[in-house]
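Participant:
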Amino acid sequence: MMSGRLLLIALLAGGVGCASLPDNQHAEHSYGLVAGPEAKLSQFVLDKIPADQRQSGVALLDDGTDAFVARMALASVAEKSIDAQYYIWHDDVTGNLLINELINAADRGVRVRLLVDDINLSSANDEGLAMIASHPLVSVRIFNPFSRRANKYSQMVTRFGDVTRRMHNKSFVVDGRISIIGGRNIGDEYFGANSQLEFADLDVLSIGPVVADVSSVYDLYWNSPLAYPIELLRPQSFEEETMLKKREALTTFVQQQKRSEFADKVRASELLSKMLESSFDFASGEVELLYDLPEKISSNRDRTELHLSNGLDRYIQAVKEEFLIVSPYFVPTDEGIDFLLGLEKRGVDVKIVTNSLASSDVSIVHAGYKLSRKKLLRGGVDLYEVKADLAPTVKLDKSSFGSSKASLHAKTFALDRASLFVGSLNLDPRSFNENTEIGMLIRSAELAQELGVWFDKELAPVAYTLRWDEQENGIQWLDITSDAVTTYDYDPGTSWWLRRWVDFLSLFPIESQL
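FYI, the working numbering numbers position 194 of the sequence shown as 226, with every residue one higher than the one before it.
1) Mind checking whether Lys319 and Ala442 have CB atoms under 8 Å apart?
2) Smallest Cα separation from Ser316: which of Arg499, Leu237 and Asn255?
3) Quick check on Val319: does DSSP put it in helix, strand or coil?
4) Leaving out five residues on either side along the sequence, give the residues of the same chain with a beta carbon under 6 Å from the beta carbon of Ser404.
5) Work out the CA separation of Pro360 and Ser439 for me, nearest whole Å.
6) Between Glu271 and Arg145, what straight-line distance do the alpha-carbon atoms span, to the nearest angstrom?
7) On the DSSP letters alone, give me the boundaries of the beta strand (DSSP E) that Arg279 sits inside.
8) Taking the CB atoms as reference points, tell me whether Leu106 and Val142 lie closer together than 8 Å.
9) Assess, as a yes-or-no matter, whether the region 211–228 is touched by the region 89–103 under the definition of 3 or more beta carbon pairs within less than 8 Å.
10) Leaving out five residues before and five after Met497 in sequence, what residues of the same chain have Cβ atoms less than 7 Å from its Cβ?
11) Since Ala480 and Ser451 should fall inside the 8 Å C-beta cutoff, what is the C-beta to C-beta distance between them, to a whole number of angstroms?
12) Under the rule that 16 or more other beta-carbon atoms within 10 Å means buried, what is Glu354, buried or exposed?
13) Just the C-alpha distance for Gln503 and Asn458, rounded to the nearest angstrom, thanks.
14) Near Arg216, which residues of its chain fall below 7 Å by C-beta distance, leaving aside the five closest residues on each side in sequence?
15) May I ask you to list the residues that DSSP assigns as paired with Gln508?
16) How far does the beta strand (DSSP E) with Phe231 in it extend, from its first residue to its last?
17) Just curious, the alpha helix (DSSP H) that Gln87 is in, first and last residue?
18) Tell me Ala438's beta-bridge partners as DSSP assigns them.
19) According to DSSP, which residues form a beta bridge with Gly455?
20) Using 8 Å as the threshold, is the C-beta distance between Leu344 and Glu327 below it?
21) Could you work out which residue in Ile213, Tyr118, Met275 and Ala281 is closest to Phe453 when comparing CA atoms only?
22) Just the C-alpha distance for Tyr547 and Leu340, rounded to the nearest angstrom, thanks.
23) Compare the beta carbon distance of Arg103 and Phe231 with 8 Å and say whether it is the shorter of the two.
24) Can you tell me whether Asp235 is helix, strand or coil according to DSSP?
25) Report all residues from its chain with a CB closer than 6 Å to the CB of Tyr66; omit the five preceding and five following residues, and keep chain order.
26) Drop a sphere of 10 angstroms on the beta-carbon of Gly89, count the other beta-carbons inside from all chains shown, and report buried for 16 or more, exposed for fewer.
27) Note down the Cα distance separating Tyr119 from Phe294, rounded to an integer number of angstroms.
28) Tell me, please, which residues DSSP counts as bridged to Arg173.
29) Quick one: what's Trp553 bridged to in DSSP?
30) Among residues of its own chain, excluding the 5 on either side of Arg531, which ones have a beta-carbon nearer than 8 Å to its beta-carbon?
31) What is the residue span of the beta strand (DSSP E) that Asn387 lies within?
32) Just how far apart, CA to CA, sit Ser331 and Arg197?
33) Taking one C-beta from the region 257–264 and one from the region 160–177 each time, how about it: are there three or more such pairs within less than 8 Å?
34) Am I right that Leu537 and Ala420 are in contact with their C-beta atoms under 8 Å? What's the rounded C-beta distance?
35) Name the DSSP beta bridge partners of Phe355, please?
What follows is the structure in structure tokens.
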């Protein structure tokens, strides 16, 4: 039974959470633009594109600084269009540097479209985005917005199942010639610019036929009835003097950042050197873009024809020898556990890397995951959990962690070391049933084997190896170093209180929202 206090809160929330959204029927449709063959990026791409027209060129961006450099460099040479789509765009150093580069591109005559999910936006963000959109060549849309007339948190209650379903996609398309998709949002922790937290993440930079597919999917989301022009949500006009002051402040901020420690990392970027020397190379392979349709957000969850997983399933079902999984948020559900154990029974070696409780940035997700460990370990699945206290000298997929806490955020897996998936998809119910996602299935043994080699040779120093102890009827965590093996019988690096809190959370039937 609901207590009096909870009932009052729910009634109050219901009273302020019913405001409707503005009419979005007349939002103008627009579509991706492709730069002509004379454009700089066109010439770069045409020089690198695989001879086989069925194949695309792909390169993994596993270093945060390089991933930032790639986006900045592409925006700086854009001549026709920039289309950016993100779940989160932080108002921080890297977020503002990229916004500045987008505005600079618009000043050169480049059309800029920016599509951002509403989960993390505040009224201050609205004002900033509305100001950016006042540029004649910049358009900003907000996906699945909360009403601006009611408290956002109250709407989590009154519009549960509506606003709790989000656009989790991350894509960046420049001149219709080159794209970046993957796990990274826009923010300092994704690009090695946050001293407190750094995410180990993965993107894929692509050229060739798959870029047209990424652009087409962007258009589906941009022209969706769920994508609201910012001016509809925040009708506001700005005085020219106000605009000039804001632009001057942004320019001053950018100049100040040129003397920062992060700027030194950018200048030392290996990717930047390769770009300047025109020595950047792509692997080649056939690439299939897998994606959720935007209607997934507003449709029944059993309409799997709208889901990315519908296309992905046939590839996973066909795996014969090895399934290597990297997923920061791993909540397999009973159905998923049975599937993975079924793979093991037919001789497939299943290995999974996810966050430890200490490294996870979302402890409630760990509450859903911890319930699956016993069955998976006893069924033969290999489990590894990333350490939170990675030393600056330890490398994970070439990324160097200098922050006080490292957390896994990459979403990738390899099938028989012949194909590699990279995208925004976590292996949890929220990604499969609630949010929209995007990813690439890349048929490249070269790239798939890179992940395999990382599992074979580089995983042990950065992750705990889990095993089931039949005598103790419990899990053991092995910290394997070159000098010794240390064994724990509890989640390493965590307090008693945190472990009890996660135990408490695991009692609730919240798996579908994780």
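In this text, a Cβ means the ideal position worked out from N, Cα and C, and glycines have one as well.
Facilitator: This is what the structure gives:
1) Going by the sequence as given, residue 319 is Val instead of Lys. Against a cut-off of 8 Å, the Cβ pair of Ala442 and Val319 comes out as no contact.
2) Looking from the CA of Ser316, the closest CA among Arg499, Leu237 and Asn255 belongs to Leu237.
3) Strand at Val319.
4) Correct list, in chain order: Pro364 and Ile369.
5) Going by the C-alpha atoms only, they are around 8 Å apart.
6) Rounded to the nearest angstrom, the two C-alpha atoms are 23 Å apart.
7) Looking at the DSSP string, Arg279 is not in any beta strand (DSSP E); the run it does join, the alpha helix (DSSP H), is Glu272 to Gln289.
8) The answer is no: Cβ separation not under 8 Å.
9) Between the region 89–103 and the region 211–228, the count of Cβ pairs shorter than 8 Å is three or higher; the stretches touch.
10) Checking the sequence shown, residue 497 turns out to be Thr, not Met. Cβ neighbours of Thr497 beyond the five flanking positions: Tyr416, Leu510 and Ile512.
11) In this structure, Ala480 and Ser451 form a Cβ contact; the two beta carbons are roughly 6 Å apart against a cut-off of 8 Å.
12) In the assembly as shown, Glu354 is a buried residue. Its beta-carbon has 16 or more other beta-carbons within 10 Å.
13) Each residue's Cα considered, the two are about 33 Å apart.
14) The residues Ala99, Lys202, Tyr222, Asp233 and Asp235, in chain order, have a CB closer than 7 Å to that of Arg216 in the same chain once the five nearest residues on each side in sequence are set aside.
15) Paired residues: Arg499.
16) Counting along the chain, Phe231 sits inside the beta strand (DSSP E) bounded by residues Glu230 to Ala232.
17) For Gln87, no alpha helix (DSSP H) encloses it, and the DSSP letter there is neither H nor E.
18) Glu230.
19) In the DSSP output, where bridge partners are listed per residue, Gly455 has Gly471.
20) The answer is no: Cβ separation not under 8 Å.
21) Restricting attention to Ile213, Tyr118, Met275 and Ala281, the CA atom closest to the CA of Phe453 is found in Ile213.
22) Look at the range of the chain in this structure, 33 to 546, and you will see that residue 547 is not part of it.
23) Not a contact, by the Cβ cut-off of 8 Å.
24) Three-state result, Asp235: strand.
25) Going by the sequence as given, residue 66 is Val instead of Tyr. So the qualifying residues of the chain are Gly208.
26) Taking all protein chains in view, the Cβ of Gly89 is crowded by 16 or more other Cβ atoms within 10 Å, so the residue is classified as buried.
27) Each residue's alpha carbon lies about 23 Å from the other.
28) Answer is Leu147 and Pro261.
29) Only positions 33 to 546 of the chain appear in this structure, which leaves residue 553 out of reach.
30) Cβ contact annotation for Arg531 (same chain, cutoff 8 Å, sequence separation greater than five): Leu389, Tyr522 and Asp523, in chain order.
31) Asp381 to Asn387 is the extent of the beta strand (DSSP E) around Asn387.
32) When only Cα atoms are considered, Ser331 and Arg197 end up about 10 Å apart.
33) Touching, yes.
34) Contact doesn't hold; Cβ gap of about 19 Å is too wide.
35) The bridge partners DSSP lists for Phe355 are Val382 and Leu447.
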